[in-house]
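Okay, here's the thing in structure tokens:
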């Protein structure tokens with residue numbers, strides 16, 4: 025019970041014991057900052073890619089590819105251009121729209137995750153944990169099927185993100201009502 029103002033300045037205020045266990049929110053977390061930067065950079069690249077692909081929906085992709093190779097002056101002769109043109113010939117405008125829409129949606133999703141992590145929202149932490157965890161089996165399958173250093177690094181990065189956010193969720197994120205840790 026509250027009996028009035030305290031006169032002893034060293035005495036603890038009347039705070040319920042439960043509130044003492046909530047960690048402070050403003051602790052530095054360099055790994056979290058790196059994850060935020062990664063999510064936001066990924067979002068920007070995906071959104072730029074989506075807009076670039078969307079702008080290609082009504083163009084002749086074979087002519088565009090030939091022009092890009094000629095402008096780049098990479099020394100590619102007919103073989104590389106012909107091989108790429110053959111692949112591009114099978115891409116329909118519908119496929120391009122699907123690729124643009126998928127890139128746009130995934131970019132917006134990454135932007136929402138990064139923004140939520142900036143504000144240390146618990147829901148954003150769980151979103152990133154779930155998204156990263158979903159891709160771990162797919163990346164493991166990719167490593168088993170087509171071993172490459174890039175695939176191994178991406179797998180390790182996703183596992184590290186899942187582990188770090190899950191292990192530090194109480195310290196990093198504020199407790200929101202209705203979310204169980």
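In my numbering, the protein residues as written are 25 to 205.
From the three backbone atoms N, C-alpha and C, an ideal C-beta is built for every residue, glycine too.
From a predicted model like this one, the values you see are computed outputs, not experimental measurements.
* To do: Count the other CB atoms, across all protein chains shown, that sit within 10 Å of the CB of residue 195; report buried if there are 16 or more and exposed otherwise.
  => Numbered from 1 along the chain shown, position 171 holds the residue referred to as residue 195. With fewer than 16 other Cβ atoms within 10 Å, it is exposed.
* Asked: Which class does residue 6 belong to by DSSP, given the choice of helix, strand or coil?
  -> Outside the displayed range of the chain (25 to 205) lies residue 6, so it cannot be described from this structure.
* Candidates 186, 115, 169: which alpha carbon is nearest residue 82's? -> Within the chain shown, the letter at position 58 stands for residue 82. Per the Cα distances, 115.
* Asked: By how many angstroms is the C-alpha of residue 111 removed from the C-alpha of residue 54?
  -> Indexing the chain shown from 1 puts residue 54 at position 30. Indexing the chain shown from 1 puts residue 111 at position 87. Cα-Cα distance, rounded: 43 Å.
* Do you know offhand how far residue 133's Cα is from residue 122's? -> For the purposes of this step, residue 133 is taken as the residue at position 109 of the chain shown. For the purposes of this step, residue 122 is taken as the residue at position 98 of the chain shown. Going by the C-alpha atoms only, they are around 16 Å apart.
* Asked: Roughly how many angstroms lie between the CA atoms of residue 205 and residue 107, to the nearest whole one?
  -> Taking the chain shown and counting its residues from 1, the one referred to as residue 205 is at position 181. Taking the chain shown and counting its residues from 1, the one referred to as residue 107 is at position 83. In this predicted model, residue 205 has a pLDDT of only 47, less than 50, meaning its place in the structure is not dependable; the value taken from the coordinates is given anyway. Cα-Cα distance, rounded: 52 Å.
* For residue 182, count neighbouring Cβ atoms within 10 angstroms of its own Cβ and tell me buried if that reaches 16, exposed if not. => For the purposes of this step, residue 182 is identified with residue 158 of the chain shown, where counting begins at 1. Buried, since its Cβ has 16 or more Cβ neighbours within 10 Å.
* Locate the alpha helix (DSSP H) running through residue 79, then write down its first and last residues. => Within the chain shown, residue 79 is the residue found at index 55, counting from 1. Element bounds for residue 79: 54-79.
* To do: Assuming residue 148 contacts residue 137 (C-beta within less than 8 Å), just tell me the rounded distance between them.
  => Counting from 1 along the chain shown, the entry for residue 148 is found at position 124. Counting from 1 along the chain shown, the entry for residue 137 is found at position 113. With a contact defined as Cβ atoms closer than 8 Å, residue 148 and residue 137 qualify at about 6 Å.
* Asked: When DSSP labels each residue in this structure, what does residue 118 get in the three-state scheme?
  -> Indexing the chain shown from 1 puts residue 118 at position 94. Residue 118 falls in the helix class under three-state DSSP.
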